[in-house]
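Novice: If you're matching positions, the sequence shown starts at 980 in the numbering used here and goes up one per residue. Quick reminder that beta carbons are idealized off the backbone N, C-alpha and C, glycines included. One structure is given below, represented as structure tokens, and several questions about it will come after.
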Amino acid sequence: MHQASGASHSNAGSGPRATIRDVEFVHRLDRASPNLAKYCAVGRSIPKAALFSRMAGGTPQEFMRWSMDDVRVTVVEPVGAGGAIVERVALSFVRMKYEYVLLTNLGQRGGTVTALFDLRSQESIVTRMRTTSNRSFAFTCADLPPSVARS
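The structure is reproduced here in structure tokens:
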């Protein structure tokens, strides 16, 4: 995501929208590599895809997840020199749910912060936080009119 550096803060709700770019990641060549290359070559859409990050340790805890709908692989290319063979992959999407899981000091889930992006309708960019006490808080992007940001 990119917000133009010249964007003004003076008029809340009237600034330019951020530019949503493809999601990019680098990974070691693995069994997904041939299929990623195939989808990139033919330009076929993938109905649903997800990327996630886990904490290292005894039992890996997922703390970040990107769930996307109507995904296209836009880049697959080898990168780096020496060492492990890695490739850079870029994914375009129509909708994305971006979740961060809050973890307590004991490693238990303490809630989730979620942002939703729908590029087709350019409708709702709403962030929601759910805590273990079932209270929820909603934060909306300043550049969206109140009628667009829904809970």
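Is it buried or exposed for asparagine 1056, if we count other Cβ within 10 angstroms and need 16 for buried?
Specialist: Residue identity check: residue 1056 is glutamate in the sequence provided, not asparagine. Burial call: exposed.
Novice: I'd like the list of long-range same chain contacts for asparagine 1084, defined as Cβ closer than 6 angstroms, with 5 residues on each side in sequence excluded.
Specialist: none
Novice: Determine the burial state of glycine 1090: buried for a count of at least 16 other Cβ atoms within 10 Å of its Cβ, exposed for fewer.
Specialist: buried
Novice: Mind checking which residues open and close the beta strand (DSSP E) that includes proline 1136?
Specialist: For the chain, the structure presents residues 980 to 1130; residue 1136 sits outside this window and is missing.
Novice: Cα-Cα, which of Phe1072, Cys1019, Arg1067, His1006 is closest to serine 1046?
Specialist: Phe1072
Novice: Indicate the three-state DSSP secondary structure (helix, strand or coil) for valine 1073 in the structure shown.
Specialist: coil
Novice: If you drop the 5 nearest sequence neighbours on each side, which residues of the same chain put their C-beta closer than 7 angstroms to that of alanine 1063?
Specialist: Only Arg1007 meet the Cβ criterion.
Novice: Note down the Cα distance separating glycine 1036 from leucine 1030, rounded to an integer number of angstroms.
Specialist: 19 angstroms
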